[in-house]
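S.K.:
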Amino acid sequence: MKSKKILVFISTLLVIMLLSACAKSSNSQESATSSGEPQVSTTASAKSSAGSTITIAYSQGAGQTMDPHDAGDLTSASYAFALYDQLVTSGTEEKDGKTVGRTDKIVPSLAESWKISDDLTTYTFVLHDGVKFQSGNAVNADAVVYSFERAKDKGESGSLYTLANIKSVTKIDDKTVEFKLGAPNHLFLKYLATFSFSIVDPSVAKSNPDDYLTQHSAGSGAFILEKWDPATEAVFVANKNYWKGAPKVDKVVIKYVAEASNRELFLDKGDVDVALDIPAKDVESLSKKDNLTISSQSSNRIVYLGMNAKYKPFDQLKVRQAINYMIDQQKLIKDVAYNQASPLKSSISSKSPAFTSEGYEYKYDLDKAKTLLKEAGYEKGFTFDLTVNSSTQDYEDIAVLLKAELEKIGVTLNINKVAPAQYRELINKKSAAAYLGKYTSLVNDPSYHYGFLLDSKGASNYTGYSSKVVDDLLAKANVEPDEAKRTELYKQVQKQITADSPWAYLYESNLIAGFNKDVQGYIFYPDEIIRFSSLYK
Amino acid sequence: MNRAVWHPIHAFLGKLLQRRLVFVGLVLVLIWVVLALLAPWLAPYGPDAIHTEDKLLPPNAAYWFGTDNFGRDIFSRILYGARVTVWTGMVSIGIACAVGIPLGAIAGYFGGKVGNFIMRVMDTLLAFPSLILAMALAASIGPGLFGALLAVGIVAIPEFARLMYGQTVVIKEKEFIEASRAIGVRHKSILFHHILPNAVAPLIVQITLGLGSAVLITSSLSFLGLGVKPPTAEWGAMISYGRNYIISGEWWMTVFPGLAIATTIFGFILLGDGLRDALDPHGRTSKK
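Protein sequences, first through last, are from chains A and B. In this text, residue positions in the first sequence follow full-length UniProt numbering: the first is 1, and each later residue adds one. In this text, residue positions in the second sequence follow full-length UniProt numbering: the first is 1, and each later residue adds one.
Written as structure tokens, this is what we have:
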């Protein structure tokens with residue numbers, strides 16, 4: 001612990017020195033734009049020279065990788081989708097004249113067709129003809145087998161590999177691959193469509209050190225990595241020979257701009273074409289501008305307040321219920337999310353299959369909350385710490401509002417606002433009595449969602465919720481091939497969880513991105529990962 | 001005895017208040033201290049009272065400095081913020097004095113290896129810009145008011161140590177110290193009764209100026225998220241919070257706390273400068 005603190009101390013010093021060094025060089029640099037931001041002035045000049053470049057401002061740059069099998073955050077995931085293909089992929093649908101991504105609809109990609117055995121444990125894929133990696137090598141059965149071997153050994157994709165219960169991946173002939181599963185799994189195709197199971201070029205991956213792919217690309221995807229500096233930008237050039245047809249832009253440039261107001265300024269001035277993570281409060285004012293389009297769509301993201309039953313007084317159901325009765329979802333949606341959110345009435349997003357709001361009877365009710373606390377023996381209230389991640393302003397805002405509400409029933413909420421790394425450490429160790437959490441299921445299905453979040457062995461079960469009933473229902477649903485029966489089981493799961501109230505549901509938040517009017521072809525996917533290949537201007 | 005003391009103080013006060021700017025500084029500091037003390041009675045609303053129906057209102061008759069995104073009254077929050085500021089300033093400079101002055105006195109009086117060691121450690125601390133050192137310290141202690149207090153205090157230690165060291169080295173060569181030693185007065189007694197009282201004047205100047213920079217560093221730490229925990233009303237944290245609202249036009253969320261910080265620091269600096277001039281025995285600077 002002591003050495004850690006010293007480490008934090010030293011690294012903070014180093015970071016600050018680095019930062020100050022950057023500031024110096026930026027001063028000496030001649031700045032072309034009036035904003036005086038050197039990064040953007042280079043973008044502007046790059047834009048005028050290249051015909052069609054799309055510049056996207058991301059909110060985060062640090063901590064990611066180009067390796068699809070190591071990717072765990074949304075930024076890295078978007079790179080993986082740009083650089084690599086998977087055997088199958090998410091479909092799209094036309095809705096109100098717009099193309100919308102459907103992560104629950106699977107369509108062929110590298111595999112043009114597949115057969116599933118009657119016992120649902122053997123999948124045989126036939127690969128598309130004539131697909132080549134960016135290196136010129138063919139995408140064949142060997143490449144698929146190698147990629148899955150590699151995925152199995154990596155941290156992020158390895159856990160999905162285990163979850164998918166893959167027993168073996170075998171080459172039948174050059175164009176055919178057979179997967180054997182330990183048990184039937186209705187999600188298997190959806191798993192294959194995730195970035196974690198990207199197909200990498202074995203000739204490149206094998207002839208280089210293991211971490212080569214962290215900073216280089218070796219895929220068959222629509223883009224090739226040109227250069228990458230995790231602190232400032234990443235540049236992707238179009239793969240002109242892309243087998244699904246070359247992308248309509250020559251280049252995609254990613255800029256990392258941490259400050260939300262800077263992203264908005266750059267977008268408004270045209271220094272960037274797309275800006276991600278636009279704060280909800282600015283949606284209304286930005287939407288009025290003629291040069292911008294703001295996309296605000298509900299994703300799979302849920303925001304909740306987790307309460308750990310290991311800590312007093314949350315061991316009492318009545319206390320957890322009382323907190324639930326103090327949540328005014330409409331108020332949070334209006335005052336924190338500026339109406340860019342919708343109510344959350346279950347432990348899973350309403351976009352998910354099998355969603356039901358049945359059993360959710362909570363509504364803001366001060367008297368009921370007081371009565372419940374009295375019954376639980378906390379008539380005078382209690383004090384607790386709410387752990388909040390400092391990465392997003394919204395969570396602090398929620399906490400401030402909740403604190404004011406809970407004061408009315410004598411409960412003192414201390415806001416423990418911590419840096420992202422510290423937040424993850426706290427909730428991973430389940431040492432936060434209460435925390436504000438969010439979750440976006442990459443695979444839009446209750447099996448995946450609950451497998452992580454509320455199964456007693458779930459990797460993201462930060463409240464330590466453990467219910468025999470729920471565990472049994474989930475295990476039963478996982479191997480239930482009939483969709484109607486499965487849906488019924490998942491509805492029971494939701495009802496049980498809502499009754500146990502390990503969480504207080506807050507809202508489902510929208511994914512908000514801003515575009516300049518000339519940018520076309522944006523397809524929104526509920527997994528929140530942006531795909532570059534459809535963009536053009 | 002009484003009259004003998006009275007006279008120099010009287011002269012000193014006269015000298016001090018002759019300067020208009022010093023007077024301005026003193027008034028600014030006093031205003032903020034009084035506002036901080038009387039905040040609960042003066043503030044029209046509670047610092048954390050939420051009125052969401054009145055959110056993001058520009059300054060008006062009901063909310064003199066406007067409201068923030070929860071409808072909290074900026075004016076009330078600034079008044080309560082003054083308490084945090086005055087409190088952190090006093091405690092952190094208190095820490096710095098309590099540690100820095102004895103260290104400097106010991107190093108200066110005894111010298112030798114110990115003195116050398118103490119002063120080299122102080123030099124090392126001084127080598128870092130104070131804000132950067134404070135950030136690193138606050139980050140390793142962990143966020144919260146306590147961490148910020150301690151960080152600001154530690155950062156100010158070497159300044160006091162060095163000042164005291166210099167004073168002690170000069171004073172200990174004076175005849176009256178030599179005389180004391182000759183008649184066998186103990187070291188402790190010499191340090192407390194002879195050296196310290198003679199070094200008080202520059203220390204007071206340093207404390208005044210130190211308070212100014214303590215206010216600035218605490219606000220900076222809070223701005224960076226290393227200071228107070230939300231929703232505590234603190235000027236730096238208020239600016240940090242309001243900066244997301246600058247482009248959407250809600251300037252009052254940043255301007256008023258900014259002015260509060262500026263006037264406080266300005267006050268301390270004017271006062272400190274004036275004190276230095278007034279306490280200067282040679283009276284070098286007698287400008288108005």
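Glycine included, every Cβ here is placed at the ideal spot set by N, Cα and C. Keep in mind that this is a model prediction, so the values were computed, not measured.
What residue range is occupied by the uninterrupted beta strand (DSSP E) comprising ARG301(A)?
M.R.: Unbroken beta strand (DSSP E) run through ARG301(A): 292-307.
S.K.: Residues in the stretch 391-404 of chain A with C-beta within 9 Å of chain B's C-beta atoms, listed in sequence order?
M.R.: Within the stretch 391-404 of chain A, the qualifying residues are GLN393, GLU396, ASP397, ALA399, VAL400, LEU401, LYS403 and ALA404.
S.K.: Return the residue from the list ILE323(A), TYR364(A), TYR338(A) and GLN340(A) that minimises the CA-CA distance to GLY410(A).
M.R.: Selected option, being the one with the closest Cα: ILE323(A).
S.K.: According to the Cβ coordinates, are SER220(A) and PHE148(A) closer than 9 Å?
M.R.: Not a contact, by the Cβ cut-off of 9 Å.
S.K.: How long is the line joining the alpha carbons of THR176(A) and LEU332(A), rounded to whole angstroms?
M.R.: Each residue's Cα considered, the two are about 52 Å apart.
S.K.: I'd like the list of long-range same chain contacts for PHE110(B), defined as Cβ closer than 6 Å, with 5 residues on each side in sequence excluded.
M.R.: Nothing meets the Cβ criterion.
S.K.: List the residues of chain A whose Cβ lies closer than 8 Å to the Cβ of SER248(B), in chain order.
M.R.: By Cβ distance, chain A contributes LYS281, ASP282 and SER285.
S.K.: If we require 4 or more residues per run, which alpha helix (DSSP H) segments fall completely within the stretch 458-535 of chain A?
M.R.: The stretch 458-535 of chain A contains these whole alpha helix (DSSP H) runs: 468-478 and 483-500.
S.K.: If you run the structure through DSSP and keep just helix, strand and coil, what is TYR58(A)?
M.R.: TYR58(A) falls in the strand class under three-state DSSP.
S.K.: Alpha carbon to alpha carbon, what distance is there between PHE266(B) and LEU453(A)?
M.R.: If you take the alpha carbons of LEU453(A) and PHE266(B), they lie about 53 Å apart.
S.K.: With 9 Å set as the bound, which would you pick, yes or no: does the beta-carbon of ILE415(A) sit closer than that to a beta-carbon of chain B?
M.R.: With 9 Å as the cut-off, ILE415(A) counts as an interface residue toward chain B.
S.K.: If I'm right that SER90(A) touches TYR448(A) with Cβ under 8 Å, what's the distance once you round it to whole angstroms?
M.R.: Actually they are not in contact, since the Cβ atoms of SER90(A) and TYR448(A) sit about 14 Å apart, beyond 8 Å.
S.K.: Taking all protein chains shown into account, do 16 or more other C-beta atoms lie within 10 angstroms of the C-beta of PRO481(A), making it buried, or fewer, making it exposed?
M.R.: With fewer than 16 Cβ atoms within 10 Å of its Cβ, PRO481(A) is classed as exposed.
S.K.: Given a cut-off of 9 Å on the beta-carbon distance, is the pair PHE195(A) and ALA77(A) in contact?
M.R.: Yes.
S.K.: PRO230(A) to THR75(A), Cα distance in whole Å?
M.R.: Straight-line Cα distance between these residues: approximately 11 Å.
S.K.: Determine the DSSP secondary structure at THR103(A), reduced to helix, strand or coil.
M.R.: Reduced to three states, the DSSP call for THR103(A) is strand.
S.K.: Hey, how far is the Cα of SER130(B) from the Cα of PRO230(B)?
M.R.: Going by the C-alpha atoms only, they are around 25 Å apart.
S.K.: Under the rule that 16 or more other beta-carbon atoms within 10 Å means buried, what is SER346(A), buried or exposed?
M.R.: Burial call: buried.
S.K.: Would you kindly check if the distance between the Cβ of THR55(A) and the Cβ of VAL274(A) is under 9 Å?
M.R.: Yes, Cβ-Cβ distance for VAL274(A) and THR55(A) is below 9 Å.
S.K.: With distances taken Cα to Cα, identify the nearest neighbour of ASP471(A) among ALA82(A), TYR490(A) and VAL253(A).
M.R.: Minimum Cα distance to ASP471(A) is reached at TYR490(A).
S.K.: Could you work out which residue in LEU87(A), THR121(A) and GLU93(A) is closest to ALA141(A) when comparing CA atoms only?
M.R.: Checked all of LEU87(A), THR121(A) and GLU93(A); the closest Cα to ALA141(A) is LEU87(A).
S.K.: By Cβ distance, which residues of its chain are closer than 8 Å to ASN428(A), with the 5 residues on each side in sequence left out?
M.R.: So the list reads TYR462, once near-sequence residues are dropped.
S.K.: Output the boundary residues of the beta strand (DSSP E) element that contains THR170(A).
M.R.: 166-173 is the span of the beta strand (DSSP E), which, as asked, contains THR170(A).
S.K.: Measure the C-alpha to C-alpha separation of LYS227(A) and LEU83(A) and round it to an integer number of angstroms.
M.R.: Rounded to whole angstroms, LYS227(A) to LEU83(A) spans 13 Å at the Cα level.
S.K.: Going by DSSP, which residues form a beta bridge with PHE384(A)?
M.R.: Paired residue(s): LEU413(A).
S.K.: For ASN478(A), which residues in the same chain have their Cβ closer than 6 Å to its Cβ, ignoring the five residues on either side in sequence?
M.R.: Hits under 6 Å: SER447.
S.K.: What did DSSP end up calling THR67(B) once you bin it into helix, strand or coil?
M.R.: The answer is strand: DSSP assigns THR67(B) an E or B state.
S.K.: Could you check whether the Cβ of ALA49(B) sits closer than 9 Å to any Cβ belonging to chain A?
M.R.: Answer yes: the Cβ-Cβ gap between ALA49(B) and chain A drops below 9 Å somewhere.
S.K.: Give me the Cα-Cα distance between THR88(B) and GLY464(A), rounded to the nearest whole angstrom.
M.R.: Cα to Cα, THR88(B) sits roughly 39 Å from GLY464(A).
S.K.: For GLY274(B), would you say it is in contact with chain A, using Cβ-to-Cβ distances shorter than 9 Å as the test?
M.R.: False, the Cβ-Cβ gap to chain A never drops below 9 Å.
S.K.: Going by C-alpha to C-alpha distance, which of THR121(A), SER168(A), ASP394(A) and ALA399(A) sits closest to ALA260(A)?
M.R.: Comparing Cα positions, the closest option is ASP394(A).
S.K.: Residues in the stretch 416-431 of chain A with C-beta within 9 Å of chain B's C-beta atoms, listed in sequence order?
M.R.: Within the stretch 416-431 of chain A, the qualifying residues are ASN416, LYS417, VAL418, ALA419 and GLN422.
S.K.: Using 9 Å as the threshold, is the C-beta distance between ARG263(A) and GLY72(A) below it?
M.R.: It is not a contact, given that the beta carbons lie outside the stated cut-off.
S.K.: May I ask you to list, following chain order, the residues of the stretch 258-279 of chain A that have a beta carbon less than 7 Å from some beta carbon of chain B?
M.R.: Under the 7 Å Cβ criterion, the stretch 258-279 of chain A contributes ALA260, SER261, GLU264, LEU265 and PRO279.
S.K.: At the level of alpha carbons, what is the spacing between PRO58(B) and PHE65(B)?
M.R.: Taking the straight line from one Cα to the other gives about 7 Å.
S.K.: Is the beta carbon of ILE327(A) less than 9 Å from the beta carbon of GLU396(A)?
M.R.: Not in contact: ILE327(A) and GLU396(A) (Cβ atoms no closer than 9 Å).
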